[in-house]
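Novice:
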Amino acid sequence: MNIMLLGAPGSGKGTLAEKLIKNQGFKQMSTGDLMRKEIKEETPLGIECARYMNEGKLVPDEVTMGIVKNFLQENHNQLIFDGIPRTLNQAKILEENLVELNAKIDKVIYIDVPTQILLDRISGRLICPKCKVSYHIISRKPKAEGICDNDGSELVRRPDDAPEKVKVRLEAYASETAPLVDYYKNKPGFVHIVDNANTTAEEVYAEVLGAL
Ligand code: ADP
């Protein structure tokens, strides 16, 4: 089974993916993580991605879908699509790629979170540059301040989590990605999760497991 996670930046896609990987044997395909890896390795693709990512803008579809296609050649089952698709065009290309590989998306999990909560979460977010797990300065503190529980790495703030970049990212989400909710909502396998201020990550996970 393949799952797609749909939701704004800060909606908890990464946190949910982490639990599904650990407990249910899924593998994650996060285009953001794949792009950050290219940037870190200073590949030509990474240099291209950085031009957009550092501004909070979407990386062009041709670049993004090239990365996705490469990844899919090796893996196309038990995947969690996290951060992909982000445009209708990406959704259609992804579907075509999967059909060619005899695979499909079985569930689309839409995590619906109010904007103020997204802003609170992103402004307090810290990530481990090594294992990619994310923390929060108030709601998900590491055991030792600023240090990853898993591997002892020093936690960092993502450059695009700066407030002015977040604004651009949320605008890109509203104009480019939010229309995907309408595209998927009447198709089989659509799951709508409402996450308000009182919902914990565990509750979201439990609801998703129920839907799976
Ligand atoms: P978030 O969901 O918190 O924004 P991601 O790691 O998914 O975090 O994405 C960070 C950035 O990476 C985006 O703002 C964008 O620049 C780029 N990116 C990731 N996935 C895509 C995609 N599918 N299409 C275009 N750009 C992408």
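The working numbering puts the first residue of the sequence shown at 1, with every later residue one more than the last.
Glycine is no exception: its CB is placed at the ideal position from the N, C-alpha and C atoms.
Just so you know, these numbers come straight off a predicted model, no measurement behind them.
1) So the alpha helix (DSSP H) lysine 37 belongs to, where does it begin and stop?
2) How far does the beta strand (DSSP E) with lysine 107 in it extend, from its first residue to its last?
3) Using the DSSP secondary-structure output, state which residues sit across from histidine 76 in a beta bridge.
4) Residues in the same chain with beta-carbon distance under 7 Å from histidine 192, minus the five sequence neighbours each way, listed in chain order, please.
5) For arginine 140, which residues does DSSP report across the bridge?
6) Does the beta carbon of alanine 91 sit closer than 7 Å to a beta carbon anywhere in chain D?
7) Using 8 Å as the cut-off, can you tell me whether the region 171–190 makes contact with the region 148–163, which would need three or more C-beta pairs spanning the two stretches below that distance?
8) Compare the beta carbon distance of leucine 34 and isoleucine 80 with 7 Å and say whether it is the shorter of the two.
9) Give the secondary structure of isoleucine 84 by DSSP, where H, G and I count as helix, E and B as strand, and everything else as coil.
10) How about aspartate 214 and methionine 53: do their beta carbons lie closer than 7 Å?
11) Arginine 157: beta carbon under 6 Å from a heavy atom of ligand 1?
12) Out of curiosity, what's the CA-to-CA distance linking valine 181 and leucine 6?
13) Pick helix, strand or coil for leucine 58, following the three-state DSSP scheme.
14) Please report how far the alpha carbon of leucine 209 lies from the alpha carbon of lysine 13, in whole angstroms.
15) Say the cut is 6 Å; is the CB of threonine 115 nearer than that to a heavy atom of ligand 1?
Specialist: In terms of the structure at hand:
1) 31–40
2) 107–112
3) Answer is none; histidine 76 lacks a bridge partner.
4) Tyr110 and Asp112
5) His136
6) Here chain D cannot be found, since the structure has a single protein chain.
7) no
8) no
9) coil
10) A question about residue 214 goes unanswered here, because the residues of the chain that appear run from 1 up to 212.
11) no
12) 8 Å
13) coil
14) 14 Å
15) no
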